[in-house]
Structures are given as C-alpha cells and as structure tokens.
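J.: One structure is given below, represented as structure tokens, and several questions about it will come after.
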Ligand SMILES: O=C(O)C1=C[C@@H](OP(=O)(O)O)[C@@H](O)[C@H](O)C1
Ligand SMILES: C=C(OP(=O)(O)O)C(=O)O
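In my numbering, the protein residues as written are 354 to 787.
As structure tokens, this is what we get:
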C-alpha cells in the first residue's frame, strides 16, 4: 500500500498513545503462566502482540479479547500444552524470543516460525543459552524455524549467562526459562536494556534480585505466579516518539501525548532530543503496570543542533534510532550515531534503509558498519521511498516526509500496523490541524 504525505509546516494535537508493545507481550505471557484470571487493559493494538496472544492460545491458554482489553485465564507454570501446529510469530522478534524461553522451560514440543523478515533474524543468541540450560532447541542455520523437543524433566538451572550484548529479548528468554528450573538462573548484560521482564517477574511474585555487580538472579520457587486482577498497560513511548518527533521538526505547533510509559530504560531518545535543542518535556503523571507514566509534550520551531550518540546510549533508544536519524537531517552540524550494528538485524537493515530513504529525500547520510553519519541541515524534497517491510522505517520516513517539499509516496506503508495501526491517518490529521 502506498501512502502519500504532503509536506507541512505545522503539527499539533493532544492524544494518548496506544498501549506499550513490550509490556503487552509480557503481560500476556505472565498472566498466562499465573494461576487465576487477569484482565489486561490497553493492550498494544498492533499485529505483533496479536501473535503472542494467538501462540499462547495454541498452547492451551484461554483468552477473551474485547477491543484493547483481554481476560486471560492463566494455566500456571505446569499447565501449558504442546501446540498441535507450528507457532507463527509473524514479524515479531519479541514473540519468538520470549516464547522460546517459555517453551524451553516448560519442556514443550513445539516449532516457532515467522515471516520472511523474522526467518532472517539471528536466533543463536537465544538457542545457545537455552541449550546451556538443558533445553533441546535446534535450528538448521541459527534462524527460524526453531524446533523444541519435548522433555518431561524440569531444567536443572544453576546457570550464569554473561551476555556479550545488551538485549532485553535474550535476557527475557533466559529468565522465562529460568522460571521453570530447579536451581537459580543468573544473567548479566553489558549495558542495561529495558527491564520490563524483571519488573513484572517481581510484581507477579517471582524471587528476583539484583546483585551489586550487575547480575540479576532468579530463584526457582515452589509457589505459583500470581497475577493482579487487572493490569493497565501504559502508552508506548516508542510509538509516541514518532508524533513528538514530527512536532519537533515542524515550524510551529505542539503535540501532547498522555499516559506514556516513562521507564528510564525506554526514553533515551528524549535525552538525545533535549541535547539537540528540541523543545520537549516530560510531566510525570503516576504509574501503570509498575512503571512511571508521564505526559510528553513537544513543540516545533526550535533550532536543532547535531549530536553524537554512542554504544552505551543505544539500548534505551534502540527502536527510535531511525527516527533520530530523520530528525538529525534538520540539525546544524554532523550527527554521528555509533554502536548500533544491531539495527542491521531488526525487521530490516535499519541503517541501510534509513540511509537510502533519507538520501532519496535529499538528506546527506552515510552508513558506518555500526551507525550513521548525518550532515545537516538539508532541505528535504518529496520522493518515492520504501518501508522495506519494516514498521519503524515506514514511520520514520513518514516523519521526514512531513518536512519535505511536495508529495512523498511511502511504499509498504501498511507495515506500520505491526506496532501502530492508524498511524498514517493520525499523522495526516495532526499535520492538517489548525
Ligand atoms: O524485549 C523487547 O520487548 C524488545 C527488545 C528490543 O530488542 P532486543 O532485545 O533484540 O534489543 C527491541 O528492539 C524490541 O522492539 C522489543
Ligand atoms: C525490533 C522490534 O520488534 P521485534 O524485535 O519484536 O520484532 C521493533 O518493534 O522495532
């Protein structure tokens, strides 16, 4: 599907963000592994989270959806059944990697598969630690489909995993498998990645502790996990970022997004934008699902300056880096984004796709093996650009397109539905608002 966007000087509106994708996946999984019924409100609307829900159903979890809410009847740590058919994770890396941990821990016989993009993404990073924990997980080439042979004995546990890379998905796969093990599981990463799994494990009654030197230790437990009767998912900062970014690039207008998750492991991009001189603020407004929540406000018209982003900052802005690249085209000076080689193995090669798309729009972007160099500001002009089967690329190029003179055509715009259904009509409405 092609979406046409007309360059606009203003961008304004007040809204709430759709439910957070990362927290939604985990809320479904933890509710499924608990005993009792849990109502989840404001689940993320995109296709990725629907995949997790359907896979859990295929493993015997009763789930009744009602719009953005769902009632989940948990089956407990021993109640999952081996699925009769291949589990289709679609485009969702989080679904595949987190469920791999659950399946390995529960000793189910299962096959996890996905679409062409997901079949191209590296899975050895979870197969190796799960194998070290005793799971019989295999794959022909370190990629999906992933096969799990069933086992009747619980995992032994007692393993320590000192990860080479910061990855919430790898950390979560290990901790989820560790929930079923007989002895404690320890994991450590070089920089902190999003900590939703840790927060939720503790909230559901698991025994998790952080040792002073960066290790997280999960103790096995005799008692079942306990879900709260209701859990309200906060808004997704990674979705809100696109609307705030569009406001920052506009000459005038203001966008306010309420109820957004403000977990520090998710909002590194906000600090980078502040450093670039953007007018953006965060007004704390409470808590949801154990995370701080805030209203985020951004205004157009500020003169942006270039910045450097290094490896230690990447985990807290990993999904927003394409957006930051789009914004950097309008900043004075040379922006250098480094330590982001991981972007090459997301839904697409996000470094290559952003360099290509932004250069087509008239920007000056060069690729590095692990990042991008962007010289700005450059006036952007309309062009035909490609989402390349990647929701974040579709939305980042859309934000740049609003800054371009003329009508930009975004091919494959429907991919935005993976995390933010309704994004394009919303973006157009805010760009046209008086
Ligand atoms: O755990 C999660 O919910 C996610 C972790 C990140 O991936 P990695 O753990 O592979 O960095 C992120 O890119 C993805 O969108 C969601
Ligand atoms: C990388 C992403 O998701 P996943 O890894 O779950 O496919 C994303 O949402 O940008």
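By construction, the Cβ of each residue, glycine as well, lies at the ideal position given by its N, Cα and C atoms.
May I have all residues whose beta carbon comes closer than 5 angstroms to any heavy atom of ligand 1, sorted in chain order?
T.: That query returns the following residues: 375, 447, 520, 521, 522, 671 and 672.
J.: Would you check if the distance between the CB atom of residue 399 and the CB atom of residue 774 is smaller than 8 angstroms?
T.: Yes, the pair counts as a contact, with Cβ atoms nearer than the cut-off.
J.: Could you check what DSSP says for residue 441 in three-state terms: helix, strand or coil?
T.: Reduced to three states, the DSSP call for residue 441 is strand.
J.: CB of residue 444 to nearest heavy atom of ligand 2: below 7 angstroms?
T.: Yes, ligand 2 has a heavy atom inside 7 angstroms of this Cβ.
J.: Quick one: using the 10 Å Cβ neighbour count with 16 as the cut-off for buried, is residue 450 buried or exposed?
T.: With 16 or more other Cβ atoms within 10 Å, it is buried.
J.: Taking DSSP's pairing of strands, which residues face residue 762 in a bridge?
T.: Its beta-bridge partners are 357 and 737.
J.: Report the partner residues of residue 787 according to the DSSP bridge assignment.
T.: According to DSSP, residue 787 bridges with nothing at all.
J.: Could you give the residue range of the alpha helix (DSSP H) that holds residue 482?
T.: Segment 477-485, the alpha helix (DSSP H) holding residue 482.
J.: Is any non-hydrogen atom of ligand 2 found closer than 7 angstroms to the C-beta of residue 604, if you look at the structure I gave you?
T.: No - ligand 2 has no heavy atom lying nearer than 7 angstroms to the Cβ of residue 604.
J.: Relative to the alpha-carbon of residue 665, which residue among 519, 409 and 456 has its alpha-carbon at the smallest distance?
T.: Checked all of 519, 409 and 456; the closest Cα to residue 665 is 519.
J.: Beta strand (DSSP E) containing residue 595: first to last residue?
T.: No beta strand (DSSP E) contains residue 595, which is instead part of the alpha helix (DSSP H) from 590-602.
J.: To the nearest angstrom, how far is it from the Cα of residue 681 to the Cα of residue 433?
T.: Using only the alpha carbons, I get a separation of about 47 angstroms.
J.: Taking Cβ positions, are residue 612 and residue 553 nearer each other than 8 angstroms?
T.: Not in contact: residue 612 and residue 553 (Cβ atoms no closer than 8 angstroms).
J.: In whole angstroms, what separates the C-alpha of residue 762 from that of residue 356?
T.: Their Cα atoms are separated by approximately 6 angstroms.
J.: Do you know how far the Cα of residue 691 is from the Cα of residue 574?
T.: Near 41 angstroms, if we compare the C-alpha coordinates of residue 691 and residue 574.
J.: Find the nearest neighbour of residue 687 within the set 542, 726, 707 and 647, judged by alpha-carbon distance.
T.: Cα-wise, what sits closest to residue 687 is 726.
J.: Which class does residue 463 belong to by DSSP, given the choice of helix, strand or coil?
T.: DSSP places residue 463 in strand when its eight states are reduced to three.
J.: I need the straight-line Cα distance from residue 546 to residue 358, nearest angstrom please.
T.: Answer to the nearest angstrom: the Cα atoms are 34 angstroms apart.
J.: So, for residue 754: in the same chain, excluding its five sequence neighbours on each side, which residues have a beta-carbon less than 6 angstroms away from its beta-carbon?
T.: Closer than 6 angstroms at Cβ, skipping near neighbours: 358 and 761.
J.: Measuring alpha carbon to alpha carbon, tell me which of 689, 733 and 771 ends up nearest residue 710.
T.: For residue 710, the nearest C-alpha among the options comes from 733.
J.: In this structure, does DSSP put residue 544 in helix, strand or coil?
T.: Residue 544 falls in the coil class under three-state DSSP.
J.: Do you know offhand how far residue 705's Cα is from residue 428's?
T.: Approximately 43 angstroms, taken between the alpha carbons.
J.: Give, in chain order, every unbroken run of the beta strand (DSSP E) that is at least 3 residues long and sits entirely within the stretch 669-693.
T.: Taking only runs of at least 3 residues, the beta strand (DSSP E) segments lying wholly in the stretch 669-693 are 686-690.
J.: Give the DSSP-derived three-state secondary structure of residue 720 in the structure shown.
T.: Looking at residue 720 - three-state DSSP - the assignment turns out to be strand.
J.: DSSP state of residue 328, grouped into three classes?
T.: Because the chain spans 354 through 787 in this model, residue 328 falls outside it and cannot be assessed.
J.: Going by CA-CA distance only, name the one from 594, 517, 511 and 381 that's closest to residue 614.
T.: Nearest option by C-alpha distance: 594.
J.: Residues in its own chain within less than 8 angstroms of residue 510 by CB, not counting five upstream and five downstream?
T.: So the list reads 486, 531, 534, 535, 536, 537, 538 and 573, once near-sequence residues are dropped.
J.: Using three-state DSSP, classify residue 792 as helix, strand or coil.
T.: Absent from the model: residue 792. The displayed extent of the chain is 354 to 787, so no value can be given.
J.: Give a single yes or no on whether residue 401 has its beta carbon closer than 7 angstroms to a heavy atom of ligand 4.
T.: This structure lacks ligand 4; the ligands present are ligand 1 and ligand 2.
J.: Let me know the alpha helix (DSSP H) ranges lying completely inside the stretch 513-563, each 4 residues or longer, listed in chain order.
T.: The stretch 513-563 contains these whole alpha helix (DSSP H) runs: 521-531 and 549-556.
J.: Could you check whether residue 421 and residue 395 sit closer than 8 angstroms to each other, using their CB atoms as the reference points?
T.: Cβ distance < 8 angstroms, so residue 395 and residue 421 count as in contact.
J.: Kindly identify the DSSP beta-bridge partner or partners of residue 501.
T.: Note: residue 501 sits in a beta bridge opposite 463 and 490.
J.: Put residue 576 into one of helix, strand or coil per three-state DSSP.
T.: Coil.
J.: On the criterion of 16 or more Cβ atoms from any shown chain inside 10 Å, does residue 372 qualify as buried, or is it exposed?
T.: Per the 10 Å Cβ criterion, buried.
J.: Cβ-heavy atom distance between residue 687 and ligand 2 below 7 angstroms?
T.: No, the beta carbon of residue 687 sits no closer than 7 angstroms to any heavy atom of ligand 2.
J.: On the CB-based measure, 16 or more other CB atoms within 10 Å of its CB, does residue 636 come out buried or exposed?
T.: Exposed, by the Cβ-count rule.
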